[in-house]
Amino acid sequence: MKTILKVEDLSKQYGGQEVLKNISLEVNEGDTIVIIGPSGTGKSTLLRCINLLTKADGGRIWLDNQEINAADVNEDEVRQHIGMVFQDFLLFNHLTALGNVMVGPTKVLGMSPDNARAKALMELERVGLCDKTDHYPGQLSGGQKQRVAIARALAMDPRVILFDEPTSALDPELIGEVLEVMRKLALEGMTMLVVTHEMGFAREVADRIVFIENGVVVEEGPPDDLFYRPKVERTREFLWKISELYGKRENESDGDVL
Amino acid sequence: MLLNMVGYILNGALTTLAVTGIALPMGFALGLLLALARVYGRAVVSRFATLYSIAMRGVPPVVLLFTLYFVIAGTVNISPFWAGSVSLGIISSAYQLEVFRGAILSVGQGQMMAARAIGMSRPKAIRYVVLPQAFRVVIPPWSNEAATVLKDSSLVYALGVTEVLRRAQFMSARTHQPFLAFGVAAAIYFLLTFITNRVLDSVERRVRIPSH
């Protein structure tokens, strides 16, 4: 089992407050790791430290055995190999869906426009949007925008994709289409690190769930372990409270008439 | 006789356009560069741009024109036309700095973040993601500045350049018909700014990003 991403003793402070306290994490190839926890406990910060958008105060990060937060590393180059999907999509508004997915390969990887277009069409097909290639972000629904964002990340052929609450900004009806794409990617063997509140997704798709609160890892393990045999009381409390909230909506969308 | 007057004053419009044609692009290039320095530059560079903006916008254009004219014409041997045009370019660059700065900031940090997330360097992110969006947003305030430069070009009359205003003055003195002479001048300026604004409106429509 190959370790793609390794985080060791990561710490980060914001304005005197410790947001991450010596967090350690390992992600193997093909893993889908879901990070859960109350809001504001540093989960997004963790992702941004991993792809070097935020500079950690302490700790080390390895991507494929390369220490990526060392001093002399070319951060731009590292970010080519770590994909990121944001809560607010953050599509490039002046480009079509196809343009959004092509811009990385052409302008960063130096691919020829023809090759980049072929690649982009392939990724858009993968997320189920080959009929929306000429649409601008302003013309797409939230779920479609997020799927374009996923295709944009995929087009760079990353080693791992980080998802920062990818469905939190979506209307309930549109969440399913995005989770479905993510489920598909996980099954295809993509290495994924997902911060989410979607417990159904976590239970079905995650290889491991990591529960973070107050900047520390409270517990981590396979979904069944955390849901049915949690070692920490707080884990049980958090998981069942959240499942109550999100599980209810899943039952509704299964067609139960309430 | 009116036709002669109009013709004479109208000839100055070419000079007006020439002055604007130098000052506006110069202000654009300098203003954009300084805006980038202000928003993305390191502390020293950014602070310089701020001071430049405050200084150049804190004084009436005509005062600055005279000051700059005597500085420029004092060191280099150039005509009032060129000294005036370059001075106006420098003044305009301070206003365009602010216009571009506002447009760049309005694009939002998220866009920059998403661009960096796919491996773009900051210069690439600015060039391929931020500026294309900023240029759309900037058109309305910029068209305002373009009209301003066109109208401010009249200030070079004080340096002796024979553009519209200078010629109107001359005509007014010769014919003792100030209302007519300056009325013609005003009409010409109005026509020029009107055309400019309409052209920029159509540009704005053409580059607008489609949305629902």
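Protein chains in written order, with the numbering used here: chain A, 3 to 260; chain B, 94 to 305. Think of the CB as a built atom: it goes at the ideal place given N, C-alpha and C, for glycine as much as any other residue. Remember, it's a predicted structure, so these values are computed and weren't measured experimentally.
In the DSSP assignment, what are the bridge partners of THR5(A)? Beta-bridge partners of THR5(A) (DSSP): ASN30(A).
Would you kindly work out how many angstroms separate the C-alpha atoms of GLU190(A) and ALA136(B), rounded to a whole number? About 47 Å.
Using a threshold of 7 Å, state whether the C-beta atoms of SER143(A) and GLN89(A) are closer than that. Their beta carbons are not under 7 Å apart, which means SER143(A) does not touch GLN89(A) by this criterion.
Are the C-beta atoms of GLY144(A) and some chain B residue less than 7 Å apart? For GLY144(A), no CB of chain B lies under 7 Å from its own CB, so it is not counted at the interface with that chain.
At the level of alpha carbons, what is the spacing between GLU20(A) and ASP59(A)? Each residue's alpha carbon lies about 10 Å from the other.
Using alpha carbons as the reference points, say which of LEU117(B), ALA116(B) and ALA142(B) lies closest to ALA128(B). Of LEU117(B), ALA116(B) and ALA142(B), the residue nearest in Cα terms is ALA142(B).
Could you compute how far the alpha carbon of ILE63(A) sits from the alpha carbon of VAL75(A)? Answer to the nearest angstrom: the Cα atoms are 12 Å apart.
Determine whether the Cβ of ALA207(B) lies closer than 7 Å to any Cβ atom of chain A. It does; some Cβ of chain A falls within 7 Å.
Grab me the residues of MET192(A)'s own chain with a C-beta within less than 7 Å of its C-beta, minus the 5 sequence neighbours each way, in chain order. Once the five neighbours on either side are set aside, the close Cβ partners of MET192(A) are ILE163.
Distance cutoff 7 Å, beta carbons only. Does MET94(B) sit that close to anything in chain A? Residue-level contact check: MET94(B) does not touch chain A, since none of the beta carbons of chain A fall below 7 Å from its beta carbon.
For the beta strand (DSSP E) containing ILE63(A), name the first residue and the last one. If you look at ILE63(A), you'll find it in the beta strand (DSSP E) that goes 60-65.
Quick one: what's got a C-beta closer than 7 Å to SER146(B)'s C-beta in the same chain, skipping five residues either side? Excluding residues within five positions, the ones whose Cβ falls inside 7 Å are ALA187, LEU190 and GLU191.
On a Cα-Cα basis, can you pick out the residue from GLY85(A), ILE84(A), ILE52(A) and MET86(A) that is closest to ALA72(A)? Residue ILE52(A) is the option with its Cα nearest to ALA72(A).
Fully enclosed by the region 159-227 of chain A, which alpha helix (DSSP H) runs are 4 residues long or longer? Counting only runs of at least 4 residues, the region 159-227 of chain A fully encloses the following alpha helix (DSSP H) elements, listed from N- to C-terminal order: 174-189 and 201-207.
Nearest neighbour of MET113(A), chosen from ARG238(A), ASP133(A) and ASP159(A) [CA to CA]: It is ASP159(A) whose Cα lies nearest to the Cα of MET113(A).
May I ask whether a heavy atom of the ligand FAD can be found less than 6 Å away from the beta carbon of ARG50(A)? This structure does not include the ligand FAD; it has no bound ligands of any sort.
Just mark ASN117(A) as buried or exposed, buried being the case when its beta carbon has 16 or more other beta carbons within 10 Å. Residue burial is scored here from C-beta neighbours: ASN117(A) has fewer than 16 other C-beta atoms within 10 angstroms and is therefore classed as exposed.
Uninterrupted alpha helix (DSSP H) stretches inside the region 120-198 of chain B (no shorter than 4 residues): Fully enclosed alpha helix (DSSP H) runs of 4 or longer: 136-150 and 154-168.
Helix, strand or coil at SER255(A) [DSSP, three-state]: Here SER255(A) scores only 47 on pLDDT, less than 50, and its place in the model is too uncertain to base an answer on.
Please report the Cβ distance between SER13(A) and LYS23(A), rounded to the nearest whole angstrom; I am assuming they are in contact, meaning their Cβ atoms lie under 8 Å. At roughly 6 Å, the Cβ-Cβ gap stays under 8 Å, so SER13(A) and LYS23(A) are in contact.
Mind the definition here: the region 256-266 of chain B touches the region 99-109 of chain B only if three or more C-beta pairs lie below 8 Å; say whether that holds. Of all C-beta pairs linking the region 256-266 of chain B to the region 99-109 of chain B, three or more are shorter than 8 Å, placing the two stretches in contact.
Cβ-based burial, PHE240(A) [other Cβ within 10 Å; buried from 16]: PHE240(A) should be labelled buried.
Please decide whether GLY140(A) counts as near chain B, where near means a Cβ-Cβ distance under 7 Å. Output row for GLY140(A): interface = yes.
Can you check which of these residues, LEU285(B), GLY276(B) and ALA116(B), is closest to GLY182(B) by C-alpha distance? Of LEU285(B), GLY276(B) and ALA116(B), the smallest CA-CA separation from GLY182(B) is found for ALA116(B).
Residues near GLU125(A) by beta carbon distance below 7 Å, same chain, minus five either side: Only VAL103, ALA153, LEU156 and ALA157 meet the Cβ criterion.
Could you check the C-alpha separation between THR255(B) and VAL242(B) for me, to the nearest Å? Approximately 17 Å, taken between the alpha carbons.
So which residues on chain A does TYR221(B) lean against when the C-beta distance must stay under 7 Å? Residues of chain A whose Cβ lies closer than 7 Å to the Cβ of TYR221(B) are, in chain order, VAL105 and LYS109.
Given this structure, state the Cα-to-Cα distance separating LYS57(A) from ALA207(B), to the nearest angstrom. Cα-Cα distance, rounded: 16 Å.
Determine which residues share a DSSP beta bridge with TYR16(A) and list them. TYR16(A) pairs with GLN19(A).
Could you name the residues of chain A that ALA210(B) contacts, counting a contact when the two beta carbons are closer than 7 Å? Going along chain A in sequence order, the residues near ALA210(B) (Cβ under 7 Å) are ASN53, LEU55, ARG81 and MET86.
Give a yes or no on whether the C-beta atoms belonging to ASP11(A) and GLY61(A) are separated by under 7 Å. Their beta carbons are under 7 Å apart, which means ASP11(A) touches GLY61(A) by this criterion.
I'd like the list of long-range same chain contacts for VAL230(B), defined as Cβ closer than 6 Å, with 5 residues on each side in sequence excluded. ALA196 and SER199, listed in sequence order.
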